[in-house]
Ligand SMILES: [Zn+2]
Ligand SMILES: [Zn+2]
């Protein structure tokens, strides 16, 4: 449970309590329904006004549907491919050839895998890739180009990993390689930020023809906590930093960085996974339909123009 | 000194001895000139009839001019490039952009570096590359293609390295990658076997439009010693194995595997390095002149046809 | 185990019906699995394509059995079966060795190629046979693999190559080495198209085969426990005097090191290929 | 050291003649090298482009000084000098911070771009300045680097980019992140041509700059001792509680790990670039 959800949880507990006491008797029904109204009101009040930092917390929610949920729900078949052919296979990112249920299209599906239990979370380094992961992803981008399959990337990472091995094996070089590959790949590239979109680790999967974000996901150049400690010299000011960074889906849509905000159920994806999975499945089909049949040169050129034009620079009055 | 050179060395010693004894006196001149004739005869007899295994020994001679000698003698400028951008920089192979003295052409020059002293020999693993080396070479092949520079490869390796790290990092995958790159690179590829041409380690540098071999160099699928111990179950039969493998420059020319045998001075390259360096420099210029201006598609197609047609298979009478 | 491995062609299999011309089976014969040391009926081993019913150890599988395992019944048309090796170097003992291998295996050389259907999809197939001089690559293996690649290219088909090889065929010297180049130039042309190349690595695959076509694939599969590498473990230990870790060079090791895509049980291999080809067609 | 690093623009250099509009030098002033702790004359430090005459330690070099170091005298035409950053997120304190940086450095932002000659050969040049908010990459750095790439492409020239950056400019949030994508798409187009892109890594180069254009080059040079990486050593030690080895992330470390082609002393850099461009032209 997240802090700001406490009032809701308390109401839920009291209602359960009263139900127990009431048993068959009618005596407490009035009170119960009063509390139930209060509960609904509280939910709407809290969840519809989530602050940016609260959304970050929702995006990080351990029960939030992650890559595995989408992979299992949205594909008829997922044929996983492994390895960078160079050094290792990084469990933090997974990918392969998939057939989507919605529309039945074959695609290269990949994403950050935060795992489903302690063991797999640790194995996947909580979705933080090593160079092996970025290089596996690059291999998948190249296979997509070779086979003419659209790329669907599900972004959900706290960011690139800060570790010795990652630096020794050229993390920066590997991320740069992914960006160059995405800038050139002659097939549709569709990115969906389903949870955390942390820095370069996320960008290596969202230089795309379409970028969608779930309502409570975020995309940021840096984690709010880190930003607070660097800019405000006080990591406890993460709330402020999150707001200042304009990292929510809505902010990014307003700034024209992403194409679409995909709605989540009240309280976040984890409160009704099926609903989110359906939303994403339909969005994917719609977007892929829109991009299919596009001339590959035109696609790459449009991708170029899209990113080439992002920036907030102004000519200085002479 | 190699075993079979002993008679020569003995004559040389005796002549020197007599010169010392003789001093100014004329007394021993007759004997001296007799021995000098014998020496010339011995040299011609021994060196013109080197057995295949003796040539292998000459090819391995520690004073034989190696990559460094050619690099220094044949180039006006050698701009070395390093690293595979993935894991490391392998000192067993070196390469870069070079301007050749003969003809003044800019090329990508690379080769196995056996080093010049104990330290550099060990550092270069005696010319046996690790996966990092094959991947650095691949990077150079790709740069050559990108810049339209001819590739000049100087082959001098006992073979691929049999080691744990080399296997852990995918030596076979790395060699295969070099072969695929050479099969596709749209620039002239010129290979010269200057010493040892050991197995896959050598082949990764000689899938070429022109393959020349120095008279006493060898190119073999396996070292004669290893072949003897496997096929004859007796490593002391290396002499036999060397003969059976048909690994000398002349054999390979006869079998149409290589294009040219470049002559060495009597006794081998190490007895007159300048002569060999000049021979190679002129051959390079001639060959590059011949290949320059060729259409790149035609080049790649001819390279395909050349290797596609190598084989000794026959249809079985039905 | 050796017993039946060597005698294996004296037995037919009961189910499923065979396409590899072999005789009747003595259902009573059993042997001991060299891996789990349990007694196993030849018949069961045969029915499971040489995978131990008890410990799932994957024993070498003859090329024609592999073809039967992978292709839809009755769809495989073998190509270029008549090719046999010359003896370019007149290498002492090679001619006899080759003749014996042909007799023993009933094959022209260490690879069988052709076109067949896998789950109703046509594909070019090349399958190596370790029993033929250790699956070593000489001129014929190189030529037939190159032709399989070209059949795939000409008919615009997916390419599946199943490798099993001790490496180069020393008897053919540099001709053997050059087969690495030959198959590479053929593959380079094939890869200009957009049909997939799937490589299947089986126990053991080493040397020139691993260092050329077997690893130049879009997708690389390996059988459980298959040892795959360039230099063999014994050679490495002799060279470096280093003790190698448990499981060195196994398929599982290679997966962990990023070198293969998937490890697939032999009895699931056909289904796995059908999935992959289906997704890519 | 700080003393003169911050005051550096109050000094002119004696030799060679400067192109960066700065005033007179007080030849008597000296300082202590923070590396070797020896006293050094400002003037000598200046004449050697901020390389210690005693221990050869490479101190940060202002962008205009770098341009003077690399280009033939009088040949550099600056481009797009008028670009300054907007404040897309209205980020608390950014406007002031940027104004102060502009005042301090005399630059519009953390990069100077233009066309100049290097040994008589024209090349597009982009040089970052660590003194401008830690060389952080915001919209202007991304835009100007992209324009430098485009100038090189339009005029078919070699491209030389000298990086010095602490990483992303947090004040611009996701706009900063997206400059990695912007420079990458520009580079992808440039690389369709056959002109070389040379990246020069100087101390320090980290974060989004290293993870985009700075490492996507044909040839990568680095200055001796320059620290280059994605995450900084302090962050890594905080995250992993691991003690990092001596020399971690230095140019020498990166060379050993295969990430850079050459380590080039600052005073030899121009000659090195002239050699390379000469070989490739
Ligand atoms: Zn068993
Ligand atoms: Zn100093």
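Chains as they are written, first to last, in the working numbering: chain F, 1 to 318; chain L, 1001 to 1318; chain D, 2001 to 2281; chain U, 3001 to 3281.
For every residue, glycine included, the Cβ atom is placed at its ideal position computed from N, Cα and C.
Can you tell me whether residue i is buried or exposed? The criterion is at least 16 other CB atoms within 10 Å of its CB, across all chains shown.
i: residue 2170/D; result: buried
i: residue 3265/U; result: exposed
i: residue 2268/D; result: exposed
i: residue 1001/L; result: exposed
i: residue 136/F; result: buried
i: residue 2039/D; result: exposed
i: residue 17/F; result: exposed
i: residue 3065/U; result: buried
i: residue 1148/L; result: exposed
i: residue 49/F; result: exposed
DSSP state of residue i, grouped into three classes?
i: residue 3282/U; result: A question about residue 3282/U goes unanswered here, because the residues of chain U that appear run from 3001 up to 3281.
i: residue 187/F; result: coil
i: residue 3032/U; result: strand
i: residue 131/F; result: helix
i: residue 2059/D; result: coil
i: residue 3206/U; result: coil
i: residue 3264/U; result: coil
i: residue 230/F; result: helix
i: residue 153/F; result: strand
i: residue 1013/L; result: helix
i: residue 2201/D; result: strand
i: residue 1033/L; result: helix
i: residue 3168/U; result: strand
i: residue 1116/L; result: coil
Looking at C-alpha atoms only, which residue of the options is the closest neighbour of residue i?
i: residue 143/F; options: 2106/D, 2127/D, 2193/D, 2152/D; result: 2193/D
i: residue 307/F; options: 3256/U, 3181/U, 3226/U; result: 3181/U
i: residue 3260/U; options: 3232/U, 3216/U, 3278/U, 3235/U; result: 3216/U
i: residue 132/F; options: 30/F, 276/F, 258/F, 201/F; result: 201/F
i: residue 1301/L; options: 1185/L, 1018/L, 1154/L; result: 1185/L
i: residue 3161/U; options: 3058/U, 3219/U, 3280/U, 3278/U; result: 3219/U
i: residue 2058/D; options: 2064/D, 2049/D, 2077/D; result: 2049/D
i: residue 2157/D; options: 2248/D, 2168/D, 2126/D; result: 2126/D
i: residue 1209/L; options: 1218/L, 1030/L, 1078/L, 1289/L; result: 1289/L
i: residue 2224/D; options: 2201/D, 2120/D, 2042/D; result: 2201/D
i: residue 1042/L; options: 1011/L, 1303/L, 1258/L, 1060/L; result: 1011/L
i: residue 3077/U; options: 3041/U, 3148/U, 3139/U; result: 3148/U
i: residue 2139/D; options: 2086/D, 2207/D, 2246/D; result: 2086/D
Would you kindly work out how many angstroms separate the C-alpha atoms of residue i and residue j, rounded to a whole number?
i: residue 2075/D; j: residue 2155/D; result: 16 Å
i: residue 1066/L; j: residue 1117/L; result: 12 Å
i: residue 2189/D; j: residue 3252/U; result: 40 Å
i: residue 3137/U; j: residue 1162/L; result: 46 Å
i: residue 2176/D; j: residue 1228/L; result: 17 Å
i: residue 1187/L; j: residue 1151/L; result: 7 Å
i: residue 1007/L; j: residue 1275/L; result: 24 Å
i: residue 3276/U; j: residue 3222/U; result: 14 Å
i: residue 3020/U; j: residue 3130/U; result: In this predicted model, residue 3020/U has a pLDDT of only 33, less than 50, meaning its place in the structure is not dependable; the value taken from the coordinates is given anyway. Spanning the two alpha carbons is a distance of roughly 16 Å.
i: residue 1312/L; j: residue 1255/L; result: 10 Å
i: residue 1005/L; j: residue 1046/L; result: 8 Å
i: residue 1035/L; j: residue 1026/L; result: 15 Å
Short check: CB of residue i to CB of residue j, under 8 Å?
i: residue 319/F; j: residue 95/F; result: With chain F running from 1 to 318 in the structure shown, residue 319/F is simply not present.
i: residue 2135/D; j: residue 2110/D; result: yes
i: residue 83/F; j: residue 130/F; result: no
i: residue 138/F; j: residue 177/F; result: yes
i: residue 1134/L; j: residue 1175/L; result: yes
i: residue 3199/U; j: residue 3214/U; result: yes
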